[in-house]
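Trainee:
Numbering (this note's numbering), first residue to last: 500 to 696.
1. DSSP three-state call for residue 513: helix, strand or coil?
2. Residues in its own chain within less than 7 Å of residue 670 by CB, not counting five upstream and five downstream?
3. Output yes or no for whether 8 Å exceeds the beta carbon distance between residue 686 and residue 589.
4. What are the start and end residues of the alpha helix (DSSP H) that includes residue 670?
5. Within 8 Å (strictly less), CB to CB, does residue 560 reach chain C?
6. When the distance is taken between beta carbons, is residue 572 closer than 8 Å to residue 592?
7. DSSP three-state label for residue 654, please.
8. Does DSSP put residue 694 in a helix, in a strand, or in coil?
9. Measure from the alpha carbon of residue 629 to the alpha carbon of each residue in 641, 531 and 561, then state which is nearest.
10. Would you identify the three-state DSSP class for residue 662, choosing helix, strand or coil?
11. Does the separation of the CB atoms of residue 563 and residue 618 fall below 8 Å?
12. Whole angstroms are fine: how far does the CA of residue 626 sit from the CA of residue 663?
13. Where residue 442 and residue 614 are concerned, what is the direct C-alpha to C-alpha distance, given to the nearest angstrom?
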């Protein structure tokens, strides 16, 4: 994924503050006036950018699902093609998301059911495609593992990486390294012989 160097737009500022506030106090615990105040505009001024809080929530959750899928595809296409390098790139990209977008993880866990059916289905569809991207790479790296086992491992690694909102304070680089080792260790378990008895 590319790193932006330009300043965020007003719309992006609103979404970032909305995500932070929704994650801290819940969707219904935050009013448009508070979101507006956080970015220096009146609550009614938000309606020039969004139809309301529901539209903000949908854009946040659909948007992050699109970004993860697009970023994953770029990482797969940009890696050398060696499965281990591709997986390492996917892990690094998801770690960046998990550390940089913690409020969106909390928001997804708590508020996904508040989306309109159409938006919730879109999020689920994007997430399934993201999972399948990982499954294809992991199966190539661990061909002896069954598809169901690989899919379960991918979901388990997502759970591990997405636990960042609940983790204590480690510095960024230490946390990146720890998450990288844990994710790789989880996938390495696919190569192990199952215990008998």
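A virtual CB, placed ideally from N, CA and C, is assigned to each residue, including glycine.
Mentor: Taking the definition as stated:
1. Locating residue 513 in the chain shown gives position 14, where the first residue counts as 1. Looking at residue 513 - three-state DSSP - the assignment turns out to be helix.
2. Position 171 of the chain shown, counted from the start, is the residue given in the question as residue 670. No residues qualify anywhere along the chain.
3. For the purposes of this step, residue 686 is taken as the residue at position 187 of the chain shown. For the purposes of this step, residue 589 is taken as the residue at position 90 of the chain shown. Their beta carbons are not under 8 Å apart, which means residue 686 does not touch residue 589 by this criterion.
4. Counting from one through the chain shown, the residue named residue 670 turns up at place 171. Per DSSP, residue 670 belongs to no alpha helix (DSSP H) and is neither H nor E.
5. Going by chain labels, chain C is absent from the structure shown, which holds only one protein chain.
6. Within the chain shown, residue 592 is the residue found at index 93, counting from 1. Within the chain shown, residue 572 is the residue found at index 73, counting from 1. In this structure, residue 572 does not lie closer than 8 Å to residue 592 by Cβ.
7. As a first step, residue 654 must be located in the chain shown, where it is residue number 155. The answer is helix: DSSP assigns residue 654 an H, G or I state.
8. One-based indexing of the chain shown puts residue 694 at position 195. Here the model assigns residue 694 a pLDDT of 45, short of 50, so the residue's position is not dependable, and the following value carries that caveat. Residue state, collapsed to three classes: coil.
9. As a first step, residue 629 is located in the chain shown; it is residue number 130 there, counting from the start. Residue 629 has its Cα closest to that of 561, out of 641, 531 and 561.
10. Locating residue 662 in the chain shown gives position 163, counting from the first residue. If DSSP states are grouped into helix, strand and coil, residue 662 belongs with coil.
11. Here the question's residue 563 lines up with position 64 in the chain shown. Here the question's residue 618 lines up with position 119 in the chain shown. No, Cβ-Cβ distance for residue 563 and residue 618 is not below 8 Å.
12. Your numbering for residue 663 matches position 164 in the chain shown. Your numbering for residue 626 matches position 127 in the chain shown. Going by the C-alpha atoms only, they are around 19 Å apart.
13. Because the chain here runs from 500 to 696, residue 442 falls outside it and cannot be looked at.
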